[in-house]
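Just so you know, the protein sequences line up as chains A and B, in that order. Numbered by the UniProt record's numbering, the letters in the first sequence go through residues 1 to 276 in order. Numbered by the UniProt record's numbering, the letters in the second sequence go through residues 1 to 276 in order. Idealized CB from N, CA, C, for every residue including glycine. Each remark here refers to the structure printed beneath this line.
Protein chains: 2
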Amino acid sequence: MIILLLSHYGTIVITFKILTKFFSNFARATAYQCMPIMKDLNDFFSVKDRYIPQLSVDCVIFGFHDQQLKVLLLKLKNLDVWALPGGYVEQIEGIDEAARRILEERTGLTDIYLEQFRVFGAAHRPTKEFIQKIMEVHRPEAKNDLWVLQRFVSIGYYALVDFSKVTPMPDFLSESCEWFEVKQLPKLAFDHSEITQKALETLRLMLDYKLVGFNLLAETFTMIELQSLYETILETSFRRNNFQRKMLSMNILERVEKLYTGAANKAPYLYRFKSK
Amino acid sequence: MIILLLSHYGTIVITFKILTKFFSNFARATAYQCMPIMKDLNDFFSVKDRYIPQLSVDCVIFGFHDQQLKVLLLKLKNLDVWALPGGYVEQIEGIDEAARRILEERTGLTDIYLEQFRVFGAAHRPTKEFIQKIMEVHRPEAKNDLWVLQRFVSIGYYALVDFSKVTPMPDFLSESCEWFEVKQLPKLAFDHSEITQKALETLRLMLDYKLVGFNLLAETFTMIELQSLYETILETSFRRNNFQRKMLSMNILERVEKLYTGAANKAPYLYRFKSK
DNA sequence: GCAAAAGTGTTAATCGTACACCCATGC
DNA sequence: GCATGGGTGTACGATTAACACTTTTGC
């Protein structure tokens, strides 16, 4: 664990921050369980008119941890498959807002970097089969003409989040919510493998076009962290000095203070993304 | 008009081709008017169940002619606005197929370069107002709860077509179908200005990433034509020789024969996109 | 002082750009 | 032959990659 030492009293400040974060996350998690919308299956099966029919949103939430690019997945209750966090679009909300709502429910984060990247709308997407399986688990008596059993067109979003700030929270259909390395995904429901794959391709493309990588790191980060992020996602390697020069030449980073890790070497500088 | 001379008898061959093309387009145009689906308003208002509700497709069809990038637009009957070709997604077809169907109906072309680029799904897209106006023109007695009056989420596609091969054909809601220069668009209905703008941005981005420009030209083209295409879309200018080197270095063009225009200068080579 | 890791500086190679020149064509 | 426009070759500058070196830190 890295500790940021501003002064000798710094450690205490940081530890305090971690504790506050933990408790606020806890409070948030319980708060969500009381939310009036789609909190359980009864809502899920009765609120058809609340949503735009046959349209869903799937989110590929990327995080970076332990030198690995990760994706947040939900384990469907009593089924041996995982799925991307997703949901439906309310009649009164925009599609981006819907994605944000879903993201906040699963991660507890607001103000997330979010982009749509593709619509998945093939005539024979394998949605019906899975929804049917899910229903067998939860509501074997449900009718066959239920709205969720129709064909669905899904808008794919990808999100870049600060791994350390996320408190994964499962929804009412799933029993757990965990990070998986993109290179080692479990068996995914629906066409979520394809969706994840496309999201990753888009992320790679955007990375050198738009410099969005910072969103995967904490507010301040070392150059090495940034470099290893780029190297992991793009599956290449750069020279330390050249990478640094390239990043700094873009004039979007500002150097903050030094990071003392306790290691017997020169302390690296921390950088922050210039917001303006 | 450029004439391709393979031999002294070439002119006749070419002229013949032009004539055949003209007649086949004419035949196709009349054929479409007999198509069973959505051929008129009666169909339009009665076939609700055929389509996925609240979901539409809008196509930004790009063409290149006279050194200008053009977009194909429809003039709505009795209204002073133009609109992008669009339509709805049938329950039995994929979204890409829907876009292709719409494209074929308006241009007569199959096998078109087509990509989705963004979904427009803000909660308050100005669709209702325009559909209401359209209905006042066509069906003033129609009920207010008609399916087309709901909120719609629209998937934006952009298409790159060979201008010379297109025979613009209006649909039953419009009185004409014409090309407009992207720099001088008329008043557009709905949020179609925004959609067109985003399509153009995506096209510019894709142009140097994926080399899709060829789809806007005929099968064979001169290097100068390709260059002027790039210059027009990207709004820059390149050096003749450097542009050529860059293009040829990518190893995706093959040189075919020379093009004799009758001008008193060296005949340029024609190039073709290597399909494999 | 030394090892480890970060930071800086300097050279070599590559790429893009600008310029000059050569070639084919019709009058 | 000459004007016109297309094609090719080369030199220059900028950007990028590779290498060497210096600085900071804890033991």
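Spatial neighbours of residue i in its chain, beta-carbon cut-off 7 angstroms, leaving aside the 5 residues before and after
i          : result
Pro-170(B) : Leu-74, Ser-176, Cys-177
Glu-219(B) : Arg-272
Gln-116(A) : Ile-155, Gly-156, Tyr-157
Lys-198(A) : Phe-117, Arg-118, Gly-156
Leu-160(A) : Phe-62, Tyr-113, Val-212, Asn-215, Leu-216
Asp-49(A)  : none
Residue i, buried or exposed, once every other Cβ within 10 Å from all chains shown has been counted against 16
i          : result
Glu-257(B) : exposed
His-192(A) : buried
Leu-270(A) : buried
Asp-80(B)  : exposed
Lys-187(A) : exposed
Ser-56(A)  : buried
Arg-245(B) : exposed
Ile-95(A)  : buried
Lys-210(B) : exposed
Thr-236(A) : exposed
Leu-205(A) : exposed
Ile-112(A) : buried
Arg-239(A) : exposed
Below-7 angstroms beta-carbon distance, residue i vs any chain B residue
i          : result
Gly-94(A)  : yes
Val-119(A) : yes
Gln-54(A)  : yes
Arg-28(A)  : Residue placement at Arg-28(A) cannot be trusted, given a pLDDT of 39 that sits under 50; what the coordinates show is reported in the next sentence. Taking Cβ atoms only, chain B never reaches closer than 7 angstroms to Arg-28(A), which makes this a no.
Residues of its chain near residue i, where Cβ-Cβ distance is below 8 angstroms and the 5 sequence neighbours each way are ignored
i              : result
residue 307(A) : Residue coverage of chain A in this structure runs from 1 to 276, which leaves residue 307(A) outside it and unanswerable.
Ser-228(B)     : Gln-67
Ile-121(A)     : For clarity, residue 121(A) is Gly in the given sequence; the question names Ile instead. Cβ neighbours of Gly-121(A) beyond the five flanking positions: Val-153, Ser-154.
Ala-263(A)     : none
Ala-98(B)      : Val-57, Gly-87, Tyr-88, Val-89, Glu-90
Leu-253(A)     : Met-247, Tyr-271, Arg-272, Phe-273, Lys-274
Ala-189(B)     : Leu-76, Leu-79, Val-81, Trp-82, Ala-83, Phe-130
Beta-carbon contacts of residue i that lie in its chain and below 6 angstroms, excluding the five residues immediately before and after
i          : result
Thr-202(B) : Phe-117
Arg-125(B) : Asp-191
His-65(A)  : Phe-163
Val-166(B) : Thr-107
Proximity test, Cβ basis, 7 angstroms: residue i and chain A
i          : result
Gln-116(B) : yes
Ala-122(B) : yes
Lys-128(B) : no
Rounded straight-line distance, which links the Cα of residue j to that of residue i
i          : j          : result
Lys-128(B) : Thr-107(B) : 27 angstroms
Leu-109(B) : Tyr-88(B)  : 19 angstroms
Asp-162(A) : Lys-266(A) : 26 angstroms
Asn-241(A) : Met-247(A) : 10 angstroms
Pro-85(A)  : Ser-275(A) : 29 angstroms
Glu-225(A) : Leu-207(A) : 15 angstroms
Val-182(A) : Met-223(B) : 43 angstroms
Thr-196(A) : Val-60(A)  : 6 angstroms
Tyr-230(B) : Phe-221(B) : 13 angstroms
Glu-136(B) : Asn-144(B) : 11 angstroms
Leu-234(A) : Met-250(A) : 19 angstroms
Asn-215(B) : Leu-200(A) : 27 angstroms
Ile-102(B) : Arg-255(B) : 34 angstroms
Ile-92(B)  : Ile-92(A)  : 27 angstroms
Pro-168(A) : Leu-72(A)  : 8 angstroms
Ala-123(B) : Leu-185(A) : 34 angstroms
Pro-140(B) : Lys-70(B)  : 34 angstroms
Lys-133(B) : Phe-243(A) : 57 angstroms
Glu-194(A) : Phe-180(A) : 16 angstroms
Glu-104(A) : Tyr-51(A)  : 18 angstroms
Arg-100(A) : Thr-232(B) : 38 angstroms
* Asked: Residues in the stretch 144–163 of chain B with C-beta within 7 angstroms of chain A's C-beta atoms, listed in sequence order?
  -> If the cut-off is 7 angstroms between Cβ atoms, the stretch 144–163 of chain B has Arg-151, Val-153, Ile-155 near chain A.
* To do: Name, going along the chain, the residues of the stretch 68–100 of chain A whose beta-carbon falls closer than 9 angstroms to a beta-carbon of chain B.
  => Those would be Val-89, Glu-90, Gln-91, Ile-92, Glu-93, Gly-94, Ile-95, Asp-96, Glu-97, Ala-98, in chain order.
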